[in-house]
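Worksheet: one structure, shown below.
Chains as they are written, first to last, in this note's numbering: chain A, 676 to 767; chain B, 1160 to 1523.
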């Protein structure tokens, strides 16, 4: 049997997420903080919808009944040196 | 004894767990999700380097409770006793730190004064050129705040308590000297005692029974970088109101700064001003971080009172207890406040250790 990864940054599989939901972390905010998806370099861009789908299926909710966690700047990771104004070139 | 706790933040859950452990029938009413206010936004400093005797005594008790919290709750709570280093950037601040350290030592806390050379020798990654000295306590440390929130939540449920969510308390109802029910969007909840631990929502709930506590909101912003190999052990804080930073067990550098100024919106939005200032400060103290990337910022509102102490204790009505106005202490002191408050509520006797935090000090 292969593993179904939903979050590559934090190495979370579908089974990890389902287990967290069954333990009672069954809203998107608690699930994020318990399981750790969306806290890596992609900041949820890869995993969020997968987790919402699992949550909706498991709790028998419509995906539209759910909300995303707060989306924060930066869109992509930025070096501290750039934000401190020490570098002219704004490379990522 | 039936008890309703309003607010499943770190304080509400700690009080609720400790009540349930003592045999009370506890229902915690939460508007959003457990920890949703400030509790899950803190970077988790746990220190005992305060300036008042009562804060130091309470912090010392708290540290002991924190040390055994994992086994008490049977839940993995990574409290790292890697020390807390407070650094001063002026002679006046250092004099204050030194006098605080003297008081702390007289009360049995292991605080040492360090010179800039000692600080650089211990932590070679630090640029101590703007540091004139500091104080360090080895038994202090940091904790992952979510784990404390979830540990108390889990412990509460194991002792038969529950968190009712999402449910919003809209008002309390009083009859003579007692509170008789909490009105919510899901009906009224009756109980023998009520605990208001609703963070920044507490004042509105208290106003429904003619009470208030004057408070102010201070915005604090935090950030986490990409994970790095583990190297930064203690929590480092630029005394008194500068940046605090450490490395989490996941390897991220996390830091926290107050966002001040007339223009600051008192909400939990992230600002570019913070990102620029935090980046500048982190590089000032750790130049090697220049090439490290920020993954995400976040923000929280800290509620403070005129004496920068929380409001914790019985408030006017015989069966009404409050624990709010964080003042930067709710994650720091959650285990001890929960333990002492539960003891007070069950026995009806006030505990002198919590006396200085009593909301009665705000009564006219």
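Quick reminder that beta carbons are idealized off the backbone N, C-alpha and C, glycines included.
Cutoff 7 Å; reference residue i; Cβ partners in own chain excluding five residues on either side
{"i": "residue 1374(B)", "result": "1362, 1462, 1463, 1464, 1484"}
{"i": "residue 1282(B)", "result": "none"}
{"i": "residue 1310(B)", "result": "1228, 1232, 1234, 1236"}
{"i": "residue 1308(B)", "result": "1169, 1172, 1193, 1194, 1198, 1199"}
{"i": "residue 694(A)", "result": "none"}
Residues bridged to residue i (per DSSP)
{"i": "residue 1480(B)", "result": "1354(B), 1473(B)"}
{"i": "residue 1394(B)", "result": "1243(B)"}
{"i": "residue 1422(B)", "result": "Partner(s): none; residue 1422(B) has no beta bridge."}
{"i": "residue 1332(B)", "result": "1340(B)"}
{"i": "residue 753(A)", "result": "1453(B)"}
{"i": "residue 1296(B)", "result": "1243(B), 1270(B)"}
{"i": "residue 743(A)", "result": "In DSSP, residue 743(A) forms no bridge with anything."}
{"i": "residue 1461(B)", "result": "1377(B)"}
{"i": "residue 1495(B)", "result": "Residue 1495(B) pairs with nothing; no bridge assigned."}
{"i": "residue 682(A)", "result": "687(A)"}
{"i": "residue 1162(B)", "result": "1185(B), 1352(B)"}
{"i": "residue 630(A)", "result": "Nothing in the structure corresponds to residue 630(A), since chain A is present only between 676 and 767."}
{"i": "residue 1382(B)", "result": "1414(B), 1456(B)"}
Proximal residues of chain A, C-beta to C-beta of residue i below 7 Å
{"i": "residue 1452(B)", "result": "752, 753, 754"}
{"i": "residue 1457(B)", "result": "747"}
{"i": "residue 1416(B)", "result": "The premise fails here: residue 1416(B) is roughly 13 Å from chain A at the closest Cβ pair, so nothing lies under 7 Å."}
{"i": "residue 1448(B)", "result": "755"}
Chain-ordered neighbours of residue i on chain A, where CB pairs are closer than 9 Å
{"i": "residue 1173(B)", "result": "Per Cβ cutoff of 9 Å: no residues; residue 1173(B) is ~17 Å from chain A at best."}
Environment of residue i [buried if 16+ CB atoms lie within 10 Å]
{"i": "residue 700(A)", "result": "buried"}
{"i": "residue 1390(B)", "result": "exposed"}
{"i": "residue 1519(B)", "result": "exposed"}
{"i": "residue 746(A)", "result": "exposed"}
{"i": "residue 750(A)", "result": "exposed"}
{"i": "residue 767(A)", "result": "Confidence is the limiting factor: at residue 767(A) the pLDDT is only 48, short of 50, which leaves the residue's position unreliable and the question unanswerable from this model."}
{"i": "residue 1305(B)", "result": "buried"}
{"i": "residue 1494(B)", "result": "buried"}
{"i": "residue 1177(B)", "result": "buried"}
{"i": "residue 1350(B)", "result": "buried"}
{"i": "residue 1366(B)", "result": "exposed"}
{"i": "residue 1301(B)", "result": "buried"}
{"i": "residue 1422(B)", "result": "exposed"}
{"i": "residue 683(A)", "result": "exposed"}
{"i": "residue 754(A)", "result": "buried"}
Other residues of its chain near residue i: CB distance less than 8 Å, five sequence neighbours each side excluded
{"i": "residue 1179(B)", "result": "1185, 1314, 1315, 1318, 1319, 1320"}
{"i": "residue 1285(B)", "result": "1278, 1279, 1395, 1444, 1445"}
{"i": "residue 1503(B)", "result": "1472, 1473, 1480, 1509, 1510, 1513"}
{"i": "residue 1440(B)", "result": "1397, 1401, 1402, 1414, 1416"}
{"i": "residue 1347(B)", "result": "1332, 1340, 1341"}
{"i": "residue 1240(B)", "result": "1226, 1297, 1298, 1299, 1300"}
Beta-carbon contacts of residue i that lie in its chain and below 6 Å, excluding the five residues immediately before and after
{"i": "residue 1354(B)", "result": "1164, 1174, 1480"}
{"i": "residue 1329(B)", "result": "1342"}
{"i": "residue 1387(B)", "result": "1410"}
{"i": "residue 1259(B)", "result": "1210"}
{"i": "residue 1532(B)", "result": "For residue 1532(B) there is no data in the structure shown, the boundaries of chain B being 1160 and 1523."}
{"i": "residue 689(A)", "result": "679, 681"}
Any chain C beta carbon closer than 8 Å to residue i
{"i": "residue 1179(B)", "result": "The structure shown contains no chain C; the protein chains it does contain are A and B."}
Worksheet item: Going along the stretch 732–765 of chain A in order, which residues come within less than 9 Å of chain B, judged by CB to CB distance?
Response: 745, 747, 748, 749, 751, 752, 753, 754, 755, 756, 757, 758, 759, 760, 761, 762
Worksheet item: If you measure beta-carbon to beta-carbon, which residues of the stretch 700–728 of chain A are closer than 7 Å to chain B?
Response: 702, 704, 705, 708, 709, 716, 718
Practice prompt. May I ask you to list, following chain order, the residues of the stretch 1424–1444 of chain B that have a beta carbon less than 7 Å from some beta carbon of chain A?
Written response: 1429, 1434, 1435, 1438, 1439, 1441, 1442
Discussion item. Any C-beta of chain A within less than 7 Å: which residues of the stretch 1300–1316 of chain B qualify?
Written reply: 1305, 1309
Worksheet item: Using a Cβ cut-off of 8 Å, which residues of the stretch 1187–1218 of chain B contact any Cβ in chain A, in chain order?
Response: 1191, 1192, 1193, 1194, 1195, 1199
Worksheet item: What are the residues of the stretch 1374–1386 of chain B that lie near chain A, defined by any Cβ-Cβ distance shorter than 9 Å?
Response: Answer set for the stretch 1374–1386 of chain B: 1383, 1384, 1385, 1386.
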